[in-house]
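K.L.:
Dropping a structure here in structure tokens format, bear with me for questions.
In our numbering, the protein residues as written are 1394 to 1655.
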């Protein structure tokens, strides 16, 4: 049993997620070493050598601001997966995630269904993720990841974002993308060494915009790391205050981060 602020991360996605409902990473977030904590009560019960059951209660100011989720997960051979059911804010939620090893490759997927409350739109909204990865034991470790993400909470036309049915959800971070479709490719080199490097491409297959990202981390010791990342968005620029593409309105930017551990 755990009570208090804790990291809760579910699903099999690397850059996107459909069932990671508590504190998902933004697909452009470069620092993923630490996940944001959630104030919750969590009980884990082993059911067998390969299967377990989780129950999580994250209480807000009211029932409609709280989450209560049960999770059954386990593995068998090269396959592992999880089933989730519960209530988050006002939504009734059902989800599943699985991954499988196939030789030197891996494939994974997630599917979630949210039944929104009558005070909103009273409909079933789907989120999904499909992806795979392949690793090479060369140059300190080389990993290639590709993913596609669908979010029913997004808008079909980014120019209509201000009138989005689920705008409040997008603002509070319920969705990782503003549109309904997104893809990503990531290549990491030196993942087992002291200077891992990553190149990422996040893109919208609908409007053709995207973001190219490069990141380098220097691990000097267990107590000190230095990370540098750069972002290069492209796509149609906004017209006044109206977005014309999902990523074209972003700014070219960089980030340097020093982390101390003690």
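No residue lacks a Cβ here, since even glycine has one placed at the ideal position from N, Cα and C.
Under 6 Å Cβ to Cβ from residue 1414, same chain only, skipping five residues before and after it: list those, please.
P.N.:
1481.
K.L.:
Going along the chain, which residues of its own chain have a beta-carbon closer than 7 Å to the beta-carbon of residue 1445, five neighbours each way excluded?
P.N.:
Cβ within range, chain order: 1437, 1438, 1439, 1466, 1467.
K.L.:
If you follow the alpha helix (DSSP H) that residue 1634 is in, where does it begin and where does it stop?
P.N.:
No alpha helix (DSSP H) contains residue 1634, which DSSP labels as neither H nor E.
K.L.:
Can you tell me where the alpha helix (DSSP H) with residue 1565 in it begins and where it stops?
P.N.:
Here the alpha helix (DSSP H) through residue 1565 covers 1560-1565.
K.L.:
Count the C-beta pairs between the segment 1495-1506 and the segment 1403-1420 that are closer than 8 Å, then say yes if the count reaches three, no if not.
P.N.:
Yes, the segment 1495-1506 is in contact with the segment 1403-1420.
K.L.:
Less than 7 Å between the beta carbons of residue 1623 and residue 1607, yes or no?
P.N.:
It is a contact, given that the beta carbons lie within the stated cut-off.
K.L.:
Got a sec, what are the start and stop residues for the beta strand (DSSP E) residue 1461 sits in?
P.N.:
Where residue 1461 is concerned, the enclosing beta strand (DSSP E) stretches over 1460-1469.
K.L.:
Between residue 1531 and residue 1498, what straight-line distance do the alpha-carbon atoms span, to the nearest angstrom?
P.N.:
Looking at the two C-alpha atoms, the distance is approximately 15 Å.
K.L.:
Pick out the complete beta strand (DSSP E) segments inside the segment 1577-1633, 3 residues or longer, and give them in chain order.
P.N.:
Taking only runs of at least 3 residues, the beta strand (DSSP E) segments lying wholly in the segment 1577-1633 are 1590-1596, 1603-1614, 1617-1627.
K.L.:
Examine the Cβ distances between the segment 1429-1436 and the segment 1396-1408 and report whether three or more of them are shorter than 8 Å.
P.N.:
Yes, the segment 1429-1436 is in contact with the segment 1396-1408.
K.L.:
What does the alpha-carbon distance come out to for the pair residue 1629 and residue 1523?
P.N.:
Near 27 Å, if we compare the C-alpha coordinates of residue 1523 and residue 1629.
K.L.:
Pull up the distance between the alpha-carbon of residue 1406 and that of residue 1540, whole angstroms please.
P.N.:
Distance between the alpha carbons of residue 1406 and residue 1540: 8 Å.
K.L.:
To which residues of the same chain is residue 1485 closer than 6 Å at the C-beta, ignoring the five residues directly before and after it?
P.N.:
Cβ within range, chain order: 1508.
K.L.:
Which residue from 1567, 1542, 1526, 1646 puts its Cα closest to that of residue 1579?
P.N.:
Nearest of 1567, 1542, 1526, 1646 to residue 1579, Cα basis: 1526.
K.L.:
Taking residue 1398 as part of the beta strand (DSSP E), name the residues at either end of that continuous run.
P.N.:
Unbroken beta strand (DSSP E) run through residue 1398: 1395-1399.
K.L.:
Starting from residue 1543 and walking both ways along the beta strand (DSSP E), at which residues does that stretch end?
P.N.:
1535-1544 is the extent of the beta strand (DSSP E) around residue 1543.
K.L.:
Can you grab the Cα-Cα spacing for the pair residue 1489 / residue 1584, in whole Å?
P.N.:
One C-alpha to the other measures close to 29 Å.
K.L.:
Identify, in the order they occur along the chain, each residue of the same chain with its Cβ nearer than 7 Å to the Cβ of residue 1616, setting aside the five sequence neighbours on each side.
P.N.:
Within the same chain, residue 1616 has close Cβ partners 1653, 1654, 1655.
K.L.:
With C-beta atoms as the reference, is residue 1548 less than 7 Å away from residue 1557?
P.N.:
The answer is yes: Cβ separation under 7 Å.
K.L.:
Once DSSP output is grouped into helix, strand and coil, what is the label at residue 1456?
P.N.:
It is helical.
K.L.:
Among all the DSSP beta bridges, which residues are the ones paired with residue 1499?
P.N.:
Bridge partners of residue 1499: 1494, 1526.
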